[in-house]
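The sequence shown runs 591 to 836 under our numbering.
Note that CB positions come from ideal geometry on N, CA and C, so glycine has one too.
One structure is given below, encoded as structure tokens.
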Amino acid sequence: MAAILGLITKKIDATPQGIRGDRETNVFIGRDEIMVGRNKVVYNIVETLINSSNQEANFISVMAIVGMAGLGKTAVAKAVYNEAAISKHFDARIWVCVSSDFSIKLILSQILEMLNPTKVVGRLSLDELLINLQEELKGKRYFLVLDDVWNEYPEKWANLMNCLSKINSAQGSKILVTTRSARVASITETLPSCNLRTLAEDDCWLILKDRAFPHASADISPDLERIGREIAKKCAGVPLVAKVRK
Ligand SMILES: Nc1ncnc2c1ncn2[C@@H]1O[C@H](COP(=O)(O)OP(=O)(O)O)[C@@H](O)[C@H]1O
Ligand SMILES: [Mg+2]
């Protein structure tokens, strides 16, 4: 088991960057996905997003979830996105997987595609994109998740925010960024960041148990549980490590 965990750790470190295909995330929560130990974090983020007021017109508040790979940033963002209170508070919800390619046109195209899947966005110029986005978002308060942001250039971020502020959306729109980089957080955020902590050992054990015995009833032999909890310790609170096991 330890060997397997060792292998897995190596795999995570070697996560390929810039390969869009297998990094792209979506908002759907799989039927086999459980979420443990993050209720309070999700609750706090939802509260902050809903209750913080924007200081000025055209100002979009940004909150960042920061933490190392596999810690569960995307999972927390998904949980926030899918909270009933969020759909109730915002007129539109948008999920964009950014990853290594921080192209403003690509981000705006993805936003437009999500708001109106019938639009053919491929050949639109930046101006056309903005006009279309104006139509879709006019007077709407939106919630935008930018998942997995790597861009550390402040100018590029400022450019994106500048474009978004030209769309006459309603006051109170919010952005949630997930990132591994504290620098990205400091460039983007206007609200206090959420520094994601590692999970408790008990929570890792719950993930392992769910993966090993998805259909088992609550009683697992004490010997198995002891071994399982030993392995849970080695997961060091990282849910991805607890999850990727054989
Ligand atoms: N709190 C959690 N409970 C159970 N599984 C989790 C939890 N957080 C993350 N996971 C799982 O661990 C894996 C990595 O999580 P992810 O959100 O993609 O990490 P990150 O975005 O920080 O790299 C995913 O398969 C996810 O479903
Ligand atoms: Mg992620």
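Rounded to whole angstroms, what is the Cα-Cα separation between G660 and R801?
Here the question's residue 660 lines up with position 70 in the sequence shown. Here the question's residue 801 lines up with position 211 in the sequence shown. Here the C-alpha atom of G660 lies approximately 16 Å from the C-alpha atom of R801.
Would you say T664 touches ligand 2, meaning its beta carbon is less than 6 Å from a heavy atom?
On the sequence shown, position 74 is the one that residue 664 refers to. Within the cutoff, so yes.
How many angstroms separate the CA atom of N616 from the CA atom of S689?
Residue mapping note: residue 616 aligns to position 26 of the sequence shown, counting from 1. Residue mapping note: residue 689 aligns to position 99 of the sequence shown, counting from 1. The straight-line gap separating the alpha-carbon atoms of N616 and S689 is approximately 13 Å.
Inspect the beta-carbon positions of R847 and F680 and report whether they are closer than 7 Å.
Since the first and last residues shown for the chain are 591 and 836, residue 847 lies out of range.
Find the nearest neighbour of T769 within the set D691, R816, D738, judged by alpha-carbon distance.
Position 179 of the sequence shown, counted from the first residue, corresponds to residue 769. Of the listed residues, the one whose Cα sits closest to T769 is D738.
Answer with buried or exposed for S699, where buried requires no fewer than 16 other C-beta atoms within 10 angstroms of its C-beta.
As a working mapping, residue 699 is identified with position 109 in the sequence shown. S699 counts as buried, since no fewer than 16 other beta carbons sit within 10 angstroms of its beta carbon.
Of the listed residues R628, I684, C753, nearest to K695 (C-alpha basis):
In the sequence shown, counting from the first residue as 1, residue 695 sits at position 105. Distances from the CA of K695 to each of R628, I684, C753 were compared; the closest alpha carbon is that of C753.
Helix, strand or coil for D603, going by three-state DSSP, please let me know.
Along the sequence shown, read from residue 1 onward, the residue named residue 603 stands at position 13. With a pLDDT of only 41 at D603, under 50, the local geometry of the prediction cannot be trusted, and the value read off the model is given with reservation. Helix.
Contact set for T780: own chain, Cβ-Cβ below 6 Å, skip 5 residues either direction:
Taking the first residue of the sequence shown as position 1, residue 780 is located at position 190. Excluding sequence positions up to five before and after T780, its CB lies within less than 6 Å of the CB of S651, V652, all in the same chain and listed in chain order.
Which same chain residues, not among the five before or five after N741, have their C-beta less than 6 Å away from its C-beta?
Numbered from its first residue, the sequence shown carries residue 741 at position 151. Within its own chain, the residues whose Cβ lies closer than 6 Å to the Cβ of N741, once the five positions on either side in sequence are excluded, are F692, listed in chain order.
Closer than 6 Å: is that where the CB of I640 sits relative to any heavy atom of ligand 1?
Counted from its first residue, the sequence shown places residue 640 at position 50. No, ligand 1 has no heavy atom inside 6 Å of this Cβ.
With respect to 6 Å, is the separation between the Cβ of P829 and the closest non-hydrogen atom of ligand 1 below this value?
Counting from one through the sequence shown, the residue named residue 829 turns up at place 239. Result yes, Cβ under 6 Å from ligand 1.
Go through the segment 698-728 residue by residue and report every complete run of the alpha helix (DSSP H) that reaches 4 residues or more, in order.
The qualifying runs are 716-727.
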